[in-house]
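Shown next, in structure tokens, is the structure this report addresses.
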Amino acid sequence: MIQRVDIPDRLITLQQNADAERAKLTGLDGDEREAQWKRWYEAAVEIQAAVTAHAQETGTPRGQIEAAVKQVVRHPAPEG
Numbered sequence: 001m002i003q004r005v006d007i008p009d010r011l012i013t014l015q016q017n018a019d020a021e022r023a024k025l026t027g028l029d030g031d032e033r034e035a036q037w038k039r040w041y042e043a044a045v046e047i048q049a050a051v052t053a054h055a056q057e058t059g060t061p062r063g064q065i066e067a068a069v070k071q072v073v074r075h076p077a078p079e080g
């Protein structure tokens, strides 16, 4: 189980953007795939840098923050 950490909305948004760009790779090939891969890569670099910065700011282990962000984005708790 992932330990509870405070996750800024910015990190959630950045992870959602990276995941959305990754999903767009499906079915592409050639130049289209290469262009989309670059967009995904840039989004992935941005979320990774933001996670690292947040870890340094808060003193929370980086891996713990990354896991918590991915948990919230990819496996949200049911509402209610």
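Heads up: the sequence shown is residues 1 to 80, going by the UniProt record's numbering. Think of the CB as a built atom: it goes at the ideal place given N, C-alpha and C, for glycine as much as any other residue.
The three-state reading of DSSP puts K70 in helix, counting H, G and I together. Q15 counts as buried, since at least 16 other C-beta atoms from the protein chains shown sit within 10 angstroms of its C-beta. From the listed residues T52, P78 and E79, the smallest Cα separation to I7 is found for T52. Counted as a single uninterrupted DSSP element, the alpha helix (DSSP H) harbouring E21 occupies residues D9 to A23. Residues W40 of the same chain have their beta carbon placed closer than 6 Å to that of R22, with the five preceding and five following residues left out of the count.
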